[in-house]
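Sequential numbering of the sequence shown, starting at 14, is according to our numbering.
Positions of the beta carbon are idealized from the N, C-alpha and C atoms, including for glycine.
Have a look at the structure below before the remarks.
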Amino acid sequence: MANKNKYNASSITVLEGLEAVRERPGMYIGSTGTKGLNHLIYEIVDNAVDEHSAGFANEIWVTLEADGSATVKDNGRGVPVDMHELGVPAERIVFTTLHAGGKFDNNSYKTSGGLHGVGSSVVNALSTYLDVEVSRDGFISHDRYEKGLPVLDLVDGYLPRLGKTKETGTKINFFPDDTIFEKIKFKSEDIKSRLHQTAYLNPKLTIYYEDKRIDSPEKIKYSEPEGIVGFIKELNTKSELVTDIIYFRGSSENIEVEVAFQYVNEFHENVLGFCNNIYNAEGGTHITGFKTQFTTIMNQYAREIGVLKEKDSNFTGSDVRNGMTAVISIKHPNPRFEGQTKTKLDNPDASRAVSKVTGDEVVRYLDRNLETLKSILSCAEKSAKIRKTEEKTKTNLLTKQKFSFDSNGKLANCESRKASECEIFIVEGDSAGGSAKTARNRMFQAILPIRGKILNVEKATIDKVLANAEIKTMINSFGCGFSEGYGNDFDITKLRYDKIIIMADADVDGAHISTLLLTFFYRFMPELIFEGHVYIAMPPLYKVMPSKGEEEYLYDDKALEKYRKSHKGSFTLQRYKGLGEMDETQLWETTLNPETRVLKQVEIEDARLASSVTEMLMGSEVPPRREFIYKNAREAEIDA
Ligand code: TSJ
């Protein structure tokens with residue numbers, strides 16, 4: 014052992030803790046794919062944001078270094094470096110103890126939520142090295158870890174010092190461990206969008222982003238002094254506005270509540286919840302507190318000004334939110350999360366606090382802004398009207414079309430009735446559908462060919478959606494109904510297939526179809542995505558047949574480039590333009606056979622993204638559309 018300062022009484026537990034992280038990384042960061050990798054940066058940045066929330070840092074620098082490491086720096090007080098329990102500098106507790114924080118920490122709004130906020134020690138455990146520089150008390154103190162363990166000797170009980178300074182702050186540089194992560198290339202688009210979101214949620218914070226991995230480094234300054242009002246502006250940039258942005262804040266039960274919302278001329282709602290700067294994909298008590306209170310208020314107003322008469326029934330919650338874009342951001346001293354992905358806020362006091370502040374402030378605003386009140390109520394009236402006709406349409410459709418299990422015209426069902434082993438492939442085009450029907454294992458694989466482009470459900474009203482032949486067939490094949498703002502008939506326990514696999518060509522049209530299908534699932538059957546039932550088949554782009562050696566399928570241009578570089582000798586290259594070009598054996602090997610195929614499991618962010626870009630994709634401007642699809646169609650993370 015190189016030195017005696019590295020290990021002491023507490024290091025046994027440290028080793029055990031860090032070993033647990035390295036053995037089961039997914040438990041701590043969600044996955045070992047690109048998403049989990051990016052989480053390392055978010056986790057470190059969240060610490061700097063905490064320092065900002067505590068009132069001490071107003072600038073954060075995030076740099077993706079040319080060598081593949083990441084640097085995060087703030088101008089806060091600097092992590093304490095003085096001796097802590099058992100002769101360890103406090104800084105080492107932060108980086109080696111799971112769930113550190115709280116002990117010597119008087120910041121009451123620690124970001125801790127779900128997979129996030131797991132502690133800098135997790136990042137440390139999953140990095141080949143992590144280097145720390147703390148500027149405080151006049152010195153720059155240095156520390157360094159390898160695979161989570163400290164490698165520097167203390168000097169008279171102090172961390173080694175790199176020099177003197179008048180500044181204060183913390184700087185971390187780390188390199189993700191490539192024996193843990195499938196890939197170690199941070200995804201700039203995801204990181205930028207997360208940093209931008211953080212800037213919206215912290216209007217007094219400036220974040221400097223730089224990507225030095227590319228030839229001409231990209232530098233971006235994220236500063237959003239308008240806060241969540243700016244966030245709403247961005248979310249609504251492409252929409253026709255119906256009201257001004259309504260903004261209010263307040264606090265109750267030691268919880269800070271901040272809300273901004275605006276109505277646009279569209280038939281859906283987009284209500285986003287954040288707790289301590291973390292997005293709550295599954296919503297939670299802050300959202301329900303807002304919704305319940307808002308519905309009550311709007312029904313009271315509607316009766317007061319006579320929009321609803323005595324005999325009329327109340328507006329539903331989704332009526333009064335028809336066209337609403339909202340951001341609800343709360344700061345909670347002790348958040349708890351539940352749900353599939355542990356992103357659903359669970360604290361009952363959050364519901365009460367948001368409800369209280371919303372009750373006071375919305376009434377204060379609308380009493381003074383009658384035009385806005387009328388606009389909102391007219392959105393609600395439109396919604397109620399459509400809802401009532403649609404309720405009829407829906408009952409008609411569903412009663413007329415309760416199909417028996419396999420009487421769906423084009424569905425080639427599988428023989429098994431055990432949902433847990435069954436798969437359904439949604440295949441674009443009749444010819445590919447035909448080949449897939451022959452190639453499949455009919456025991457457990459069903460094929461549903463769909464023709465052309467299914468309806469864009471973001472644009473259509475529900476009766477149009479339900480009248481669409483492809484969509485009707487899908488709903489009936491899956492067997493679990495569907496849910497929409499106007500009622501929920503969805504029952505996931507009735508789902509007939511464990512995997513719903515979208516199979517489309519690896520080209521622009523294919524990407525478009527996938528986007529439309531994801532939008533449909535996201536809007537009408539979101540549980541399918543939440544519970545991980547939706548997949549995208551990743552057919553290969555190429556097959557290489559070397560004069561010596563084994564044939565191989567290659568899934569993107571990068572793989573081909575790599576193959577060209579690493580492969581010596583000649584080879585024949587076959588390029589697949591579409592699924593239709595593969596023979597049955599090839600289709601079986603590359604796309605159908607569970608042993609050899611490549612599938613991407615759809616995550617809720619993919620679907621949200623699909624939903625928000627559908628409009629862009631459907632628009633008439635051709636250039637951005639192509640660019641988007643090309644960029645995203647093949648960047649997908651592949652889970653073999
Ligand atoms: F910058 C950064 F993102 F890399 C980063 C900053 C990473 C990590 C793991 C921590 C921090 C960080 C921590 N910035 N600022 C702090 N502040 C403290 O840890 C701190 C400082 C002073 C006191 C105090 O009570 O005097 C308490 C705390 C928690």
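Is Lys558 helix, strand or coil by DSSP?
-> For this step, residue 558 is matched to residue 545 along the sequence shown. Sequence inspection shows Met at residue 558; the Lys mentioned does not correspond to that position. It is a strand residue.
When we look at the beta-carbon of Pro238 and count the other beta-carbons within 10 Å, is it buried (16 or more) or exposed?
-> As a working note, residue 238 is residue 225 in the sequence shown. Pro238 comes out exposed.
Which stretch, first to last residue, makes up the beta strand (DSSP E) that contains Gly582?
-> By one-based count along the sequence shown, residue 582 stands at place 569. Careful: Gly582 lies outside any beta strand (DSSP E) and carries neither H nor E.
Kindly examine the ligand TSJ and report whether one of its heavy atoms sits closer than 6 Å to the Cβ of Arg157.
-> Position 144 of the sequence shown holds residue 157. No - the ligand TSJ has no heavy atom lying nearer than 6 Å to the Cβ of Arg157.
Give the straight-line distance between the Cα atoms of Ser342 and Gly447, rounded to the nearest whole angstrom.
-> Mapped onto the sequence shown, residue 342 falls at position 329. Mapped onto the sequence shown, residue 447 falls at position 434. Roughly 50 Å between the two C-alpha positions.
Any heavy atom of the ligand TSJ closer than 6 Å to the CB of Glu608?
-> Here the question's residue 608 lines up with position 595 in the sequence shown. No, the ligand TSJ has no heavy atom inside 6 Å of this Cβ.
Element boundaries [alpha helix (DSSP H), containing Arg174] | Residue mapping note: residue 174 aligns to position 161 of the sequence shown, counting from 1. Here Arg174 belongs to no alpha helix (DSSP H); instead the beta strand (DSSP E) covers 174–177.
Considering only residues of the same chain and omitting the five flanking positions on each side of Gln414, which have a CB-CB separation below 8 Å?
-> Working through the sequence shown from its first residue, we reach residue 414 at position 401. Its pLDDT being 46, under 50, Gln414 is placed unreliably by the model, and nothing is read from it.
Helix, strand or coil: which one does DSSP assign to Gln353?
-> Along the sequence shown, read from residue 1 onward, the residue named residue 353 stands at position 340. Three-state DSSP puts Gln353 in coil, outside helix and strand.
Decide if Gly442 is buried, meaning its Cβ has at least 16 other Cβ atoms within 10 Å, or exposed.
-> Residue 442 sits at position 429 when you count from the first residue of the sequence shown. Label assigned to Gly442: buried.
Using a threshold of 6 Å, is the CB atom of Arg207 nearer than that to any non-hydrogen atom of the ligand TSJ?
-> As a position in the sequence shown, residue 207 is number 194, starting the count at 1. The answer is no for Arg207.
May I ask you to check if the CB of Lys61 is nearer than 6 Å to at least one heavy atom of the ligand TSJ?
-> Residue 61 sits at position 48 when you count from the first residue of the sequence shown. Going by the sequence as given, residue 61 is Ala instead of Lys. Yes.
Thinking C-alpha only, which one of Asp476, Leu31, Ile300, Lys590 is nearest Arg105?
-> Numbered from 1 along the sequence shown, position 92 holds the residue referred to as residue 105. Closest option to Arg105, Cα to Cα, is Leu31.
Could you check where the beta strand (DSSP E) with Arg334 kicks off and where it finishes?
-> As a first step, residue 334 must be located in the sequence shown, where it is residue number 321. Counting along the chain, Arg334 falls outside any beta strand (DSSP E), and DSSP gives it neither H nor E.
Taking just the CA atoms, how far does Asp362 sit from Trp74?
-> Along the sequence shown, one-based indexing puts residue 74 at 61. Along the sequence shown, one-based indexing puts residue 362 at 349. Distance between the alpha carbons of Trp74 and Asp362 is about 35 Å.
Where Thr84 sits in the DSSP three-state scheme | If you number the sequence shown from 1, residue 84 lands on position 71. DSSP places Thr84 in strand when its eight states are reduced to three.
Alpha helix (DSSP H) segment containing Gly446, residue limits = Numbered from 1 along the sequence shown, position 433 holds the residue referred to as residue 446. Here the alpha helix (DSSP H) through Gly446 covers 443–452.
If you draw a straight line from the C-alpha of Ser420 to the C-alpha of Asp520, how long is it?
-> Working through the sequence shown from its first residue, we reach residue 420 at position 407. Working through the sequence shown from its first residue, we reach residue 520 at position 507. Reliability fails at Ser420, whose pLDDT of 41 lies under 50, so the model's placement of it is uncertain and the value that follows must be treated cautiously. If you take the alpha carbons of Ser420 and Asp520, they lie about 32 Å apart.
CA-to-CA distance, Ser133 to Pro163, given in whole angstroms = Numbered from 1 along the sequence shown, position 150 holds the residue referred to as residue 163. Numbered from 1 along the sequence shown, position 120 holds the residue referred to as residue 133. So the alpha carbons of these two residues sit roughly 14 Å apart.
Check the C-beta distance from Asp504 over to Cys493 and give it rounded, since I have them as a contact under 8 Å.
-> In the sequence shown, residue 504 corresponds to position 491, counting from 1. In the sequence shown, residue 493 corresponds to position 480, counting from 1. With a Cβ gap of about 5 Å, Asp504 and Cys493 count as contacting.
Roughly how many whole angstroms lie between the Cα atoms of Glu29 and Asn289?
-> Here residue 29 refers to the residue found at position 16 of the sequence shown. Here residue 289 refers to the residue found at position 276 of the sequence shown. Roughly 30 Å separates the two Cα atoms.
Host beta strand (DSSP E) of Glu159 (start-end) = Looking up residue 159 in the sequence shown gives position 146. Its beta strand (DSSP E) spans residues 152–159.
Going by C-alpha distance, which of Ile463, Asn481, Ile57, Gly243 is nearest Ser140?
-> On the sequence shown, position 127 is the one that residue 140 refers to. Comparing Cα positions, the closest option is Ile57.
Tell me which same chain residues have a C-beta within less than 6 Å of the C-beta of Pro607, skipping the five on either side of it?
-> Position 594 of the sequence shown holds residue 607. Counting only Cβ-Cβ distances below 6 Å, and skipping sequence neighbours, we find nothing.
What first and last residue would you give for the alpha helix (DSSP H) that runs through Ser148?
-> For the purposes of this step, residue 148 is taken as the residue at position 135 of the sequence shown. From DSSP, Ser148 is part of no alpha helix (DSSP H) but of the beta strand (DSSP E) over 140–149.
Report yes if the C-beta of Val85 is less than 6 Å from at least one heavy atom of the ligand TSJ; otherwise report no.
-> As a first step, residue 85 is located in the sequence shown; it is residue number 72 there, counting from the start. Val85 Cβ: within cutoff of the ligand TSJ.
Could you tell me whether any non-hydrogen atom of the ligand TSJ is closer than 6 Å to the CB of Gly89?
-> Here the question's residue 89 lines up with position 76 in the sequence shown. Under cutoff, so the answer is yes.
State the Cα-Cα distance for the pair Asp380 and Pro462, rounded to the nearest angstrom.
-> Mapped onto the sequence shown, residue 380 falls at position 367. Mapped onto the sequence shown, residue 462 falls at position 449. Between Asp380 and Pro462, the C-alpha separation is close to 54 Å.
If we call anything under 7 Å between Cβ atoms a contact, is Phe274 one with Ala339?
-> The residue you call residue 274 lines up with position 261 of the sequence shown. The residue you call residue 339 lines up with position 326 of the sequence shown. Yes, these two residues count as a Cβ contact at 7 Å.
Residues of its chain near Trp601, where Cβ-Cβ distance is below 7 Å and the 5 sequence neighbours each way are ignored = The residue labelled residue 601 in the question sits at position 588 within the sequence shown. The answer, listed in chain order, is Ala452.
With 16 other Cβ atoms within 10 Å as the buried cut-off, status of Gln458 = Within the sequence shown, the letter at position 445 stands for residue 458. So Gln458 ends up on the buried side.
If we count the other Cβ atoms within 10 Å of its Cβ and call it buried at 16 or more, is Asp325 buried or exposed?
-> The residue given as residue 325 occupies position 312 in the sequence shown. By the 10 Å Cβ count, Asp325 comes out exposed.
Mark Ser579 as exposed unless 16 or more other C-beta atoms lie within 10 angstroms of its C-beta, in which case mark it buried.
-> Position 566 of the sequence shown, counted from the start, is the residue given in the question as residue 579. The residue is exposed, with fewer than 16 neighbouring Cβ atoms inside 10 Å.
Cβ-heavy atom distance between Ser154 and the ligand TSJ below 6 Å?
-> Translated into positions along the sequence shown, residue 154 becomes position 141. Checking the Cβ of Ser154 against the ligand TSJ gives no.
Buried or exposed by the 16-neighbour rule on C-beta atoms within 10 Å, applied to Arg610 = If you number the sequence shown from 1, residue 610 lands on position 597. Arg610 is buried by the Cβ-count criterion.
Can you give me the Cβ contacts of Gly523 inside the same chain, cut-off strictly under 6 Å, excluding the 5 residues immediately before and after it?
-> Here residue 523 is taken as the residue at index 510 of the sequence shown, counted from 1. Ala517, listed in sequence order.
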